[in-house]
Amino acid sequence: MALQTPTHDTYDVVIVGGAIMGASAAWFLSDNADFDGRVLVVERDLTYEACSTSHTNSCMRQQFSTELNVRISQFAADFVKNIRTYMGGDDRVPNLSIHNFGYMYFADNAGFAETLRESVEVQNAAGAATRLLSPEQIKEAYPFYNVDDIVVGAINTVDEGYFDGAALFDWWHRQSRERGVEYIQNEVVAMTRNASGSRVESITLASGEVVSCGQVVNASGPRADRTAKMAGITVPVEPRKRFTWMFTAAHPLDRDLPLTIDPSGVHVREVGGGTYQAGGHGDVDPAVGFDDYDMDHSLWENHIWPALATRIPQFEAIKVTSEWGGHYAMNTFDHNAILGSHTEVENFVFLNGFSGHGLQQSPAMGRGTAEWLTYGAYRTLDLTPFNYARIPAGTPIIEKAVI
Ligand SMILES: Cc1cc2nc3c(=O)[nH]c(=O)nc-3n(C[C@H](O)[C@H](O)[C@H](O)COP(=O)(O)OP(=O)(O)OC[C@H]3O[C@@H](n4cnc5c(N)ncnc54)[C@H](O)[C@@H]3O)c2cc1C
């Protein structure tokens, strides 16, 4: 598709990147009666072939160690289950549900068992249904696991599992476009600041047009730092490779397989019909090129499959049916979202650093960002702790449940 030209030369909000985060922010702006501005979403590839969103596993969990992350996922669950209502009762919008196989976190040592216990307390206090299971209880509920080395497990089968992120994405696009949000295929290649450096005045497109902006939102995923540098600033986000394998089992499990977080770092879950999905990454985890999606085939043979077959002996006989590599937009500061305005370039708004949990965070992050752009403050869930300001202040958020 050829590069496209915006219909105006000035917009109240320009969003750089139109995948799940850009689409969410644009939709929530279009849904906010107090916002009557003009929104342009610039997306370098409207097929979305190479972005994180296209490579996601699209699962959600309540099992985080910080209350705010639990609340963010709870809003995701509510939004997904009530998407038609949120979208004004539009009967073209499908009813979505969550395949609640749950996440099963395993601890194989006393230290991590204590971390799980503390996290479960936080989750329960926030209303999540997480339970701790002894090895015997795990074996009774899920006889296929080998629990010889397991000290404790944590599971929650309410609002934890797979959801149709592609449908959510599609409907945010469709409805926001119908409400006047403009999406173009083009690339933001430069930004110009005012004389004092306190604001981005305009962005420049690959096609040469210069567009004035009231506020600019960085929703460019693994390219977040590249985009920030256009405004003369930086953000600690880099592309890290994460692999996914789909496989069938010669002897399928007799019940749903929770999304199992193995102590080896490998994770695996139910897909349905005797098909499963596993994920993982190498021990060495460098930043990679934006266009590097090469598979590491030795990883499956040497690490992933042995770990799977050890944890679930029935997975000795399995056949890989497809595989892909994707990129986390890894926040190297503290693995959490980076939001709000830059501390000096006031109208540069971050929507970055979602590492491995951006799909499930997209409803709360888009809603919060739309509030920030409209009111200069959060009105529903207070997302202030995630604001960019914590980075220059050197105060990371400690989230212990990072996958
Ligand atoms: C293998 C894998 C599994 C995952 N599993 C889960 C999961 O189970 N649950 C979960 O919650 N999350 C998961 N995630 C994370 C989640 O997918 C991401 O956090 C989320 O998709 C990030 O969305 P985004 O819009 O921020 O970034 P992206 O999807 O990467 O989108 C950024 C967009 O910006 C565009 N762009 C960049 N620069 C420019 C520019 N200068 N001009 C114009 N456009 C630009 C890009 O083309 C791209 O479309 C997973 C990620 C991976 C890779």
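Quick note on my numbering: the sequence shown kicks off at 1019 and runs consecutively.
Idealized CB from N, CA, C, for every residue including glycine.
This one's a predicted model, so the numbers in the text were calculated from it and none came from an experiment.
Distances taken from the Cβ of G1297 to the heavy atoms of ligand 1 include one shorter than 7 angstroms.
Within the DSSP secondary-structure output, R1287 pairs in a beta bridge with Q1295. Looking at the backbone, the Cα of S1340 and that of R1287 are separated by about 15 angstroms. Cβ-Cβ distances below 8 angstroms link T1252 to D1243 and A1246 in the same chain, with the five nearest sequence neighbours on each side left out; the list follows chain order. For the set V1169, T1361 and M1313, the Cα lying nearest the Cα of G1300 is the one of M1313.
Closest in C-alpha terms to L1086, from the list P1414, V1420 and F1404, comes F1404.
The residues D1167, I1168, V1169 and P1281, in chain order, have a CB closer than 8 angstroms to that of D1126 in the same chain once the five nearest residues on each side in sequence are set aside. Placement of the Cβ of Y1121 at a distance of 7 angstroms or more from every heavy atom of ligand 1 is found.
Counting C-beta pairs with one atom in each stretch, the region 1289 to 1297 and the region 1391 to 1404 have fewer than three that are closer than 8 angstroms, which means they do not touch. Checking the 7 angstroms criterion, the Cβ of C1077 is within range of a heavy atom belonging to ligand 1.
For R1260, the shortest C-beta to heavy atom distance toward ligand 1 is below 7 angstroms.
Between the C-alpha atoms of N1050 and Y1311 there is a straight-line separation of about 38 angstroms. At least one heavy atom of ligand 1 lies closer than 7 angstroms to the C-beta of D1063.
In the three-state reduction of the DSSP assignment, Y1346 falls in the strand class. Of E1256, A1143 and F1119, the smallest CA-CA separation from G1290 is found for F1119.
A contact between stretches requires three or more CB pairs, one per stretch, nearer than 8 angstroms, and the region 1190 to 1206 fails this requirement with the region 1126 to 1143. A distance below 8 angstroms separates the beta carbons of Q1081 and A1419. Taking 3 residues as the shortest admissible run, the region 1328 to 1411 contains the following complete beta strand (DSSP E) segments, listed from N- to C-terminal end: 1336 to 1349, 1356 to 1359 and 1366 to 1370.
Not one heavy atom of ligand 1 lies closer than 7 angstroms to the C-beta of A1184.
Of all alpha-carbon atoms in Y1066, N1349, H1315 and A1094, the one lying nearest the alpha-carbon of D1177 is that of A1094. K1157 sits in a helix when the DSSP states are folded into three classes. Excluding sequence positions up to five before and after A1327, its CB lies within less than 7 angstroms of the CB of F1333 and E1334, all in the same chain and listed in chain order. The alpha carbon of N1100 has as its nearest neighbour, out of L1114, Q1379, D1109 and H1375, the alpha carbon of L1114.
The Cβ atoms of G1239 and A1305 do not sit closer than 8 angstroms to each other. At a cut-off of 3 residues, the continuous stretches assigned as beta strand (DSSP E) that sit fully inside the region 1208 to 1245 are 1218 to 1223 and 1228 to 1236. With fewer than 16 other Cβ atoms from the protein chains shown falling within 10 Å of its own Cβ, P1414 counts as exposed. The DSSP-derived three-state label of Q1193 is helix. DSSP, read as helix, strand or coil, puts H1117 in strand. One Cα belongs to V1218, the other to E1319, and the distance between them is close to 49 angstroms. Pairwise C-beta distances place the region 1035 to 1048 out of contact with the region 1223 to 1231, as fewer than three of them are shorter than 8 angstroms. If you ignore the 5 residues before and after K1157, its C-beta comes within less than 8 angstroms of the C-beta of Y1163 and V1165, all in its own chain and listed in chain order.
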